[in-house]
Amino acid sequence: MPSNDTQTDVVELTPVHVDHLIADGELAAENAWCVSYDTEALPEQRPAFVPLVLWQANQDDAELAPLLSSDTELTSELGQQLSSTSAIAIDFPAFTDGRGYTLARLLRERYGYTGEVRAVGDVLVDQLDYMRRCGFTAMALRDDQHPDDALRALNAFSVRYQTDVEQRQALFERRLADSKQ
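As numbered in the numbering used here, residues 900 to 1080 make up the sequence shown, in order.
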């Protein structure tokens, strides 16, 4: 049986532009950024998230931002280098790959990154609340995901037991502090 590897590679290297972007808890009116997975050449369309190695070689281009693969090793040197950019995209190659959550949380908590952290790739509605709690400020929804469902999912929980990047105290700690007042 003939292989379709060449056709698959071409599709993956074409810059991707997502229509439905949730940014700061709201449906964004526009998404100017495309995502390019091509590690060899810069995309013509700008602004663009590009693979880390390509961004590192072209850091002076303000219309480029890094795209971190889920297997990126976030060292202190890389964390410091990333602090100079206003946006970082983290790729979710499959919804079952949770390494992107760790990258976002490390960027926020260990390296103090304050810019936009965007989830791209296989991003599903039921992941959005967890993504936000790990430090994502923007989520580019997969094409088959409905933006109204995404907004409802972001506001489904009013109380959380565990800590996250915004709430540093667990629920029992907040209740204990309230009872002492």
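Ideal placement from N, C-alpha and C gives every residue a C-beta, glycine not left out.
Along the chain, where does the alpha helix (DSSP H) that runs through residue i open and close?
| i | result |
| --- | --- |
| L966 | No alpha helix (DSSP H) holds L966; the beta strand (DSSP E) holding it covers L963 to L967. |
| R1041 | That residue, R1041, is in no alpha helix (DSSP H); it is neither H nor E in DSSP. |
| Y1029 | L1027 to C1033 |
For the beta strand (DSSP E) holding residue i, just list the boundary residues, first then last.
| i | result |
| --- | --- |
| R998 | Where R998 is concerned, there is no enclosing beta strand (DSSP E), although the alpha helix (DSSP H) it sits in stretches over R998 to E1008. |
| D990 | A986 to F991 |
| A1018 | E1015 to G1020 |
Return helix, strand or coil for residue i, following the three-state DSSP convention.
| i | result |
| --- | --- |
| G978 | helix |
| A1055 | coil |
| M900 | Any reading at M900 is ruled out, since the residue's pLDDT is 47, under 50, leaving its predicted position unreliable. |
| P1046 | helix |
Assuming residue i contacts residue j (C-beta within less than 8 Å), just tell me the rounded distance between them.
| i | j | result |
| --- | --- | --- |
| A1052 | D1077 | Actually they are not in contact, since the Cβ atoms of A1052 and D1077 sit about 28 Å apart, beyond 8 Å. |
| L1040 | V917 | 7 Å |
| P965 | L981 | 6 Å |
| E1015 | A1055 | Between A1055 and E1015 the Cβ distance is about 23 Å, and since that is not below 8 Å, they are no contact. |
Starting from the N-terminal side, write out each stretch of the alpha helix (DSSP H) that is 4 residues or longer and does not extend beyond the segment 906-960.
951-956
Three-pair Cβ contact test at 8 Å for the segment 962-969 versus the segment 990-1003
yes
Given 8 Å, three or more beta-carbon pairs between the segment 947-954 and the segment 930-937:
yes
At a cut of 8 Å, does the segment 1019-1035 reach the segment 1001-1009 through at least three beta carbon pairs?
yes
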